[in-house]
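Presented below is the structure to which this report refers.
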Amino acid sequence: MGLLALGMILVSVLSADSVWANSSDDYPTTSGLADSLLNDWALPLLILGILMSMAMIGAAYLVRDERMENLLWEFGGEEE
């Protein structure tokens with residue numbers, strides 16, 4: 016019950032702030048974001064994508080398990 020009261024007080028204090036009442040016509044749009052990502056930030060975004068895919072491939076390589084008992088169990092064979 017106390018958390019609910021605290022949450023309601025927090026919401027009322029934060030919603031009464033003057034930041035929410037100030038609305039301007041110069042706010043960013045999704046088309047502006049898309050234009051910025053595809054034109055101004057195209058090369059850094061491409062480099063970041065390549066770096067992230069290299070990290071995922073490296074993580075997959077590091078977690079693979081090649082111990083003999085696991086390889087034998089996976090392929091259903093017996094040790095000779």
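Going by my numbering, the first residue of the sequence shown is number 16, and it counts up by one from there.
No residue lacks a Cβ here, since even glycine has one placed at the ideal position from N, Cα and C.
C-beta atoms of residue i and residue j nearer than 8 Å
i: residue 60; j: residue 52; result: yes
Residue i (DSSP reduced to helix, strand or coil)
i: residue 81; result: coil
i: residue 91; result: coil
Spatially closest choice to residue i from the options, by CA coordinates
i: residue 83; options: 77, 76, 91; result: 91
(request) Identify every run of the alpha helix (DSSP H) within the region 16-64, keeping only runs that are complete inside it and at least 4 residues long; order them along the chain. (result) 17-30, 33-36, 45-50
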